[in-house]
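Take a look at the structure set out below.
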Amino acid sequence: MALYHRLDRRLEEQADNAGPVRGTLSLGRIAMIWLAANLVVTTLLTGTLLLPAVDFATALTMIVLGTVCGAVVLTLVGNIGTRTGLPTMALTRGAFGTRGSLLPVAANVVILMGWSWVQAMLAGVTVNYLVEDLTGFSSPILFSVLCQTVVVLIAILGHEGIARVEPWLAVLMLVIIAWIFVIAFTEFSPAAFQDIPVDASIGYTAVTVLDIVIATAISWTVLSADFNRLARSSRAGIVGSGVGYTLSTVTAMTLGVTAIGYVILSNGEAVAFDPAAIVAPFGAPLAIVIFLSVMATNSMVVYGMTTSVVNAPVGARLRYLPTALVLGLISILGSTWLGLLTQFTDFLTVIGALFVPVFAIMIVDYYLVKRSAYDADLLRGRGGRYWYTGGVNWIAVAAWAIGAVASYVLAYVWPSPVGATIPAFALTFVLYLSAMLPRRAARADSVHLADVRDA
């Protein structure tokens with residue numbers, strides 16, 4: 001118990017509790033955190049969905065274009081965190097209202113919990129493949145639980161622990177990834193990868209691939225302010241996260257495309273979104289990348305869930321450690337549900353439908369309606385500038401609902417030739433801007449909310 005109380009006090013002193021944080025991390029440290037975060041197994045395996053759905057060059061082009069588009073949204077939302085000191089879901093109070101923000105917060109926790117389960121399972125399946133190959137022992141559920149337990153221990157240390165661990169994981173993963181690229185392109189030329197026949201029966205187009213890549217970026221934007229609020233300046237946050245995220249996403253997805261292409265060229269069984277299919281030809285090095293990526297990424301996911309929950313009740317105070325322990329336990333138990341892996345693409349679509357409109361609204365509200373300035377009322381539990389009608393901005397809620405429905409319809413009911421993500425974002429952006437522009441705030445000085453709180 002003494003250890004628990006000491007750790008609890010330490011975490012509270014680090015300000016991972018409900019309130020703004022004054023960032024101290026440099027551009028390089030932010031870049032390394034984001035670099036490690038998205039060198040992740042789910043991003044890698046998303047790359048395996050793209051070939052032979054489209055040709056190799058088209059896949060790489062759409063990966064770069066979609067990543068850059070997604071990074072714009074990610075850095076814009078992350079910069080609000082740097083300028084205010086608050087995590088992403090706490091910032092939704094500005095647009096949705098003090099009480100209305102609980103809607104995206106609840107959706108965020110559910111989505112992040114799902115992410116933690118999927119990634120723990122993929123790590124467990126990968127470790128199980130190696131162990132079974134060496135010893136004959138097989139228990140993917142056991143290894144999923146063990147992997148997620150390590151993740152929770154890292155996340156319990158809060159942002160300090162993650163900031164220390166992530167850079168080293170990133171360096172190690174990049175070294176191994178470089179080795180895998182050398183192996184792949186030494187045995188087969190880029191022209192051989194380009195000559196892999198396109199399988200039209202998969203039903204993907206270049207635009208479909210672009211939509212998938214952008215949706216991946218959107219899935220990470222839910223944590224953008226959580227980590228960019230730790231940056232010591234807007235430049236450090238924007239450039240660091242932009243470079244780190246873009247480099248890691250392009251690298252991970254390209255690795256996935258290359259790995260599945262290598263399997264095809266080697267006359268192996270190319271099963272998309274199956275870690276065992278690509279670990280088999282590359283062996284332990286790729287398995288190590290997958291394992292380390294889960295350690296790096298899932299620690300951020302559990303941390304992000306925890307900060308979302310502790311920052312949800314304005315005016316109340318939830319302690320970081322017990323919240324992290326409860327959510328961590330749920331994430332460990334959920335990692336035993338291996339059946340979720342078969343629903344990953346549907347899961348990604350749900351993320352896009354729920355959060356593409358949220359981030360369109362947040363960007364409009366902060367940069368255009370509130371003129372790049374949130375004030376101390378964002379920390380109030382009742383009343384003030386962000387109380388709207390009974391604590392809810394019904395305009396934001398309505399725009400969110402319309403955007404989410406549009407995203408679903410364009411993905412499943414009437415598939416759009418330009419995908420669902422970009423149209424849903426544009427529709428929500430225009431709707432919210434049109435409705436809120438008459439209420440545009442007078443220009444005010446931007447202040448960091450940690451300074452206001454401490455004043």
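Residue numbers are given in UniProt numbering: position 242 of the sequence shown equals residue 242, and the series is strictly consecutive. Virtual Cβ for every residue (Gly too), placed ideally from N, Cα, C.
Inspect the beta-carbon positions of Leu39 and Ser248 and report whether they are closer than 8 Å.
-> Yes, the pair counts as a contact, with Cβ atoms nearer than the cut-off.
Please name the residue or residues paired with Ala53 in a DSSP beta bridge.
-> Answer is none; Ala53 lacks a bridge partner.
Where does Val392 fall in DSSP's three states?
-> Of the three classes helix, strand and coil, the one that applies to Val392 here is strand, per DSSP.
If you count every other CB in all the chains shown that lies within 10 Å of the CB of Trp414, and 16 or more means buried, which is it?
-> Exposed is the call here.
Can the beta-carbon of residue 457 be found less than 8 Å from the beta-carbon of Val356?
-> Limits of the chain in this structure are 1 at one end and 455 at the other, which puts residue 457 out of reach.
Does the separation of the CB atoms of Met436 and Ile402 fall below 8 Å?
-> No; because the gap between Cβ atoms is not below 8 Å, this pair is not in contact.
Among Ile288, Ile154, Thr126, Ala31, which one has its Cα closest to the Cα of Phe143?
-> Nearest C-alpha to Phe143: Thr126.
Report yes if the CB atom of Val207 is closer than 8 Å to the CB atom of Ile63, and no otherwise.
-> Not closer than 8 Å, so no.
Flag this pair as yes or no: are the beta carbons of Thr88 and Asp199 separated by less than 8 Å?
-> Taking 8 Å as the Cβ cut-off, Thr88 and Asp199 do not qualify as a contacting pair.
Use the C-beta contact count for Pro322: other C-beta atoms within 10 angstroms, 16 or more gives buried, fewer gives exposed.
-> Classification for Pro322: exposed.
Sequence-distant residues of the same chain with beta carbon closer than 6 Å to Ala215, five excluded per side = Excluding positions up to five away in sequence, the list reads Leu348, Gly352, Thr421.
Any alpha helix (DSSP H) of 4 or more consecutive residues that is wholly inside the segment 103-165 = Under the rule that a run must span 4 or more residues, the alpha helix (DSSP H) segments found entirely inside the segment 103-165 read 140-156.
Run through DSSP, which three-state label would Leu333 get?
-> In this structure, Leu333 counts as helix in the three-state DSSP scheme.
Helix, strand or coil at Ser446 [DSSP, three-state] = Coil at Ser446, not helix or strand.
Can you give me the Cβ contacts of Ala450 inside the same chain, cut-off strictly under 6 Å, excluding the 5 residues immediately before and after it?
-> Here the set comprises Pro20, Arg22, Gly85.
Could you tell me whether the segment 290-297 touches the segment 182-201, where touching means 3 or more Cβ pairs closer than 8 Å?
-> Fewer than three beta-carbon pairs drawn from the segment 290-297 and the segment 182-201 are found closer than 8 Å, and the two stretches are therefore not classed as touching.
Distance between Ser233 and Val447 (C-alpha atoms, nearest Å) = Cα to Cα, the separation comes out at about 13 Å.
Minimum Cβ-Cβ distance from Thr135 to chain B less than 8 Å | The structure shown contains no chain B; it holds only a single protein chain.
Cα-Cα separation between Ile361 and Arg371, rounded to whole angstroms | Cα to Cα, Ile361 sits roughly 14 Å from Arg371.
Please state whether DSSP places Ala324 in a helix, a strand or coil.
-> Of the three classes helix, strand and coil, the one that applies to Ala324 here is helix, per DSSP.
Classify Ala231 as helix, strand or coil using the three-state DSSP reduction.
-> Residue state for Ala231 is assigned as strand, using DSSP reduced to three classes.
Could you pull the start and end residues of the alpha helix (DSSP H) that Ile290 belongs to?
-> From DSSP, the alpha helix (DSSP H) with Ile290 extends over 284-310.
For Ala170, which residues of its own chain have a beta-carbon under 6 Å away from its beta-carbon, when the five flanking residues on both sides are left out?
-> Excluding positions up to five away in sequence, the list reads Met32, Leu35, Ala36.
Specify whether the segment 268-286 and the segment 43-55 touch according to this definition: at least 3 beta carbon pairs, one from each stretch, less than 8 Å apart.
-> Segments in contact, yes.
Considering only the beta carbon of each residue, do Gly391 and Thr98 sit closer than 8 Å?
-> Yes, these two residues count as a Cβ contact at 8 Å.
Taking C-alpha atoms, which residue in Trp400, Ile332, Val326 lies nearest to Val358?
-> Closest by alpha carbon: Trp400.
Reducing DSSP to helix, strand and coil, say where Leu25 ends up.
-> In the structure shown, Leu25 sits in a strand (DSSP, three-state: E or B).
Take the Cβ of residue 492 as the centre, count every other Cβ of all protein chains shown within 10 Å, and call the residue buried at 16 or more, exposed below.
-> With the chain covering 1 to 455 only, the question about residue 492 has no answer from this structure.
Taking 8 Å as the cut-off, decide whether the C-beta atoms of Leu354 and Ile111 are in contact.
-> Inclusion of Leu354 and Ile111 in the CB contact set at 8 Å is warranted, their separation being smaller than that value.
How about the segment 328-336 and the segment 106-120: do they share at least three Cβ pairs that are nearer than 8 Å?
-> Because the criterion of three Cβ pairs below 8 Å is met, the segment 328-336 and the segment 106-120 touch.
Determine the closest residue to Ala276 out of Leu265, Gly136, Ile260, with distance taken between C-alpha atoms.
-> Checked all of Leu265, Gly136, Ile260; the closest Cα to Ala276 is Ile260.
Specify the secondary structure class of Glu187 as computed by DSSP and reduced to three states.
-> Assigned with DSSP and collapsed to three states, Glu187 falls in helix.
Taking buried to mean at least 16 other C-beta atoms within 10 Å of its own C-beta, is Trp387 buried or exposed?
-> Trp387 sits buried, since 16 or more C-beta atoms from the chains shown fall within 10 Å of its C-beta.
Excluding sequence positions up to five away, which residues of its chain have a Cβ less than 7 Å from the Cβ of Gly150?
-> The residue you asked about is not Gly; residue 150 is Val in the sequence shown. Only Met295 meet the Cβ criterion.
How about Val77 and Ser224: do their beta carbons lie closer than 8 Å?
-> For Val77 and Ser224, yes; Cβs fall inside 8 Å.
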